[in-house]
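In my numbering, the protein residues as written are 8 to 162. Each residue gets a CB set at the ideal place from its N, CA and C atoms; glycine is no exception. Please read all numbers here as calculations on a predicted model, not as lab measurements. In what follows, a single structure is set out as structure tokens and then discussed.
Okay, here's the thing in structure tokens:
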């Protein structure tokens, strides 16, 4: 939850009681941040159930492993995962929860606060937008041959 509140669009959804939209939005933002998962495994932990009457505890979504805490707190699931992880030092934990950050530090897992992650995300998005804009400005955008001929002969 603390990461979702860092993204203004997701915070707006949460303020409007649109939890499903906020969760999906977070996954979309994470997918943009980690476009090529390679051998990485990304786990996302959400408080509560997927939906009010849902029995779903976990699911896969575009290479991400999504986990729902049901009656527990998502914090408990994160700590449990870190406890059972074979090599916690290869994990990156993103949260602003001090208890989880402290626990991850004890296990030598990498840590990043939600604020740091969001700042990094914004920087990356800005750089990508600037690169795309510069390519458009310089006419360097990749295009199909048919696009070229349409620009030559059609008004």
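Only residues of its own chain outside the window of five on either side were considered, and among them 13, 103 have a CB closer than 8 Å to the CB of residue 122, listed in chain order. Residue pairing from DSSP places residue 53 in a beta bridge opposite 75. Contact check for residue 89 against residue 119 fails: the beta carbons are separated by 9 Å or more. Taken through DSSP and simplified to helix, strand or coil, residue 13 comes out as helix.
With respect to residue 78, residue 27 sits apart: the two C-beta atoms are not nearer than 9 Å. DSSP places residue 117 in the strand class (E or B) of the three-state scheme.
Looking at 95, 127, 126, 124, the one whose alpha-carbon comes closest to that of residue 112 is 95.
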